[in-house]
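Residue numbers (UniProt numbering): 1 to 194.
This is the structure in structure tokens:
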């Protein structure tokens with residue numbers, strides 16, 4: 001669906017808690033977050049009845065999956081829960097996420113690389129010395145951060161089959177290094193500086 005529900009991560013003024021994920025309805029943002037979660041339930045039910053698979057992704061800190069209407073819906077559909085680490089743009093570490101869905105391949109994402117494979121991946125990354133971002137000062141004197149041409153290389157999804165992705169008219173080559181998926185930039189992609 002591609003829709004983020006950031007309202008279900010806030011816990012301060014909304015009074016959201018693990019035992020009360022619906023929060024306090026005194027705030028408009030809380031009501032809107034609950035309404036958005038209910039609409040998500042309607043869309044998931046529609047997809048399930050049409051025979052489509054779905055996957056809902058949220059950060060580990062989100063309370064979306066504690067929300068009773070969604071929790072009942074996922075239980076009724078027999079959805080699978082997977083907690084894994086995905087790559088995040090401009091982040092020093094992998095992002096811990098929870099995936100709930102009916103897709104049959106979802107359980108394969110739970111497999112994490114062994115410590116040996118992780119150390120090999122670190123060696124490959126240090127060998128390539130990938131630069132994922134470029135910092136520059138724009139015309140108004142503001143500091144800007146943009147994605148470098150090889151920023152996709154830093155995104156490593158554990159035990160997923162990454163495929164070639166288009167980037168500014170060019171393609172990235174897919175390479176396996178001892179069963180760890182790594183995307184390397186094609187040699188003909190020119191480096192652009194802003």
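The beta carbon of each residue, even a glycine, is placed where N, CA and C say it ideally should be.
Whole-angstrom distance between residue j and residue i, CA atom to CA atom
i, j, result
"residue 82", "residue 141", "44 Å"
"residue 38", "residue 67", "9 Å"
"residue 98", "residue 51", "23 Å"
"residue 73", "residue 49", "12 Å"
"residue 199", "residue 144", "Past the boundaries of the shown model lies residue 199; the chain is included only from 1 to 194, so the question cannot be answered."
"residue 104", "residue 115", "27 Å"
"residue 65", "residue 139", "44 Å"
"residue 25", "residue 40", "19 Å"
"residue 36", "residue 134", "36 Å"
Selected residue, minimal CA-CA separation from residue i, among the options
i, options, result
"residue 70", "29, 105, 34, 109", "34"
"residue 102", "53, 26, 29", "53"
"residue 94", "25, 60, 74", "60"
"residue 30", "57, 63, 45, 41", "63"
"residue 44", "27, 75, 137, 32", "75"
First through last residue of the beta strand (DSSP E) which encompasses residue i
i, result
"residue 84", "80-86"
"residue 94", "Residue 94 -> no beta strand (DSSP E), and no H or E assigned at all."
"residue 60", "Here residue 60 belongs to no beta strand (DSSP E), and DSSP marks it neither H nor E."
Start and end residues, alpha helix (DSSP H) containing residue i
i, result
"residue 69", "68-77"
"residue 142", "Where residue 142 is concerned, there is no enclosing alpha helix (DSSP H), given that its DSSP letter is neither H nor E."
"residue 41", "28-49"
Check whether residue i and residue j have beta carbons under 7 Å apart
i, j, result
"residue 96", "residue 85", "yes"
"residue 100", "residue 56", "yes"
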